[in-house]
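Working notes, beginning with the structure itself.
Residue numbers (my numbering), protein chains in the order written: chain S, 29 to 177; chain W, 5 to 107.
Written out as structure tokens, the structure is:
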């Protein structure tokens, strides 16, 4: 996904990866999160990204989509992957796989609305503020752009 | 062969590093945003995996994943609004051509 020339293909590959992550959530006994992942990422975020791609269509999308110094980025990413993978392998004996425990939707909802009620409300306020901010920022025809208010 | 925790950790590390490469190497701001989404998803995989492999059932990991998804949705909305505004003003969404604050 991160190396595709055509950025619309990149967005569709991102959809495939997000659906794969939802499948991983099912494997890890987090069915509600898989559902949320498919609805929010697969449904909403991909659509918004595709809209943004459509509205900011450029003529030179297919050429020069990477920095000149992309080998530096590749080196940094590979080094970080080596570090993370080696540290994950080195202490992999602490958890054994036969004690996996699923979390039901009831348990999740109880935890969310009892222990995490205040952060839940804060998250809803964050969403509301982001929504209003996005509308205000993305409004067309502003004063400083030379148009009418 | 059953799936171990380390499998999920390595997969999440790979996904995170792919996202990091996308953030560092791509020029289009929309692509950078998509790569950030990839990195957030890698973190979510780690949270859910650690939550699932605990011997005692704990709900905290999954609750934090819900908050991460919420913040990611808010971030995408705001960032795309900023990108649209920038495109209307500058005519480009390439991050290395946006140098308004260069001294």
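Beta carbons are placed, not taken as given, at the ideal position from N, Cα and C, and that holds for glycine.
Around the CB of residue 84 of chain S, 16 or more other CB atoms lie within 10 Å, so the residue is classed as buried. When DSSP states are grouped into helix, strand and coil, residue 6 of chain W belongs to the coil group.
Secondary structure of residue 30 of chain W (DSSP, three-state): strand. Taking every protein chain shown into account, the CB of residue 87 of chain W has 16 or more other CB atoms within 10 angstroms, so this residue is buried.
For the alpha helix (DSSP H) assignment, the uninterrupted runs of no fewer than 4 residues enclosed by the region 7 to 86 of chain W are, from N- to C-terminal side, 9 to 29, 33 to 56. Between residue 72 of chain W and the set W:102, W:91, W:52, the nearest pair of CA atoms involves W:52.
With its beta carbon less than 8 Å from one in chain W, residue 57 of chain S belongs to the interface. Contact between residue 80 of chain S and residue 34 of chain W holds, with the beta-carbon distance rounding to 6 Å and staying under 8 Å.
Going by C-alpha positions, residue 67 of chain W is about 22 Å away from residue 10 of chain W. Nearest in C-alpha terms to residue 68 of chain S, of all of S:54, S:43, S:57, S:102, is S:43.
Within 7 Å of the CB of residue 53 of chain S, the CB atoms of chain W belong to 52, in sequence order along the chain. Out of S:95, S:65, S:60, the CA that lies nearest to the CA of residue 36 of chain W is found in S:95.
Residue 12 of chain W sits close to residue 49 of chain W, with the two beta carbons spaced by under 8 Å. In the three-state DSSP reduction, residue 135 of chain S falls in the helix class (H, G or I). If you look at residue 114 of chain S, you'll find it in the alpha helix (DSSP H) that goes 98 to 118. With contact defined as three or more Cβ pairs closer than 8 Å, the region 17 to 29 of chain W and the region 40 to 47 of chain W are in contact.
Nearest to residue 144 of chain S by alpha-carbon distance, out of W:29, W:100, W:80, W:65, is W:65. DSSP lists no bridge partner for residue 34 of chain S. Contact note: residue 89 of chain W reaches chain S through 165, 166, using a C-beta cutoff of 7 Å and chain order.
Identification of chain S residues near residue 43 of chain W by a Cβ-Cβ cut-off of 8 Å yields none; the smallest Cβ-Cβ distance measures about 11 Å. Secondary structure note for residue 157 of chain S: its alpha helix (DSSP H) is the uninterrupted segment 145 to 166. At least 8 Å separates the CB of residue 101 of chain W from every CB of chain S. In this structure, residue 89 of chain W lies near residue 165 of chain S, with their beta-carbon atoms less than 8 Å apart. Between residue 47 of chain W and chain S, the shortest Cβ-Cβ separation is not below 8 Å. Sequence-distant Cβ neighbours of residue 31 of chain W in its own chain, meaning closer than 7 Å and more than five residues away, are 98, 99, 100.
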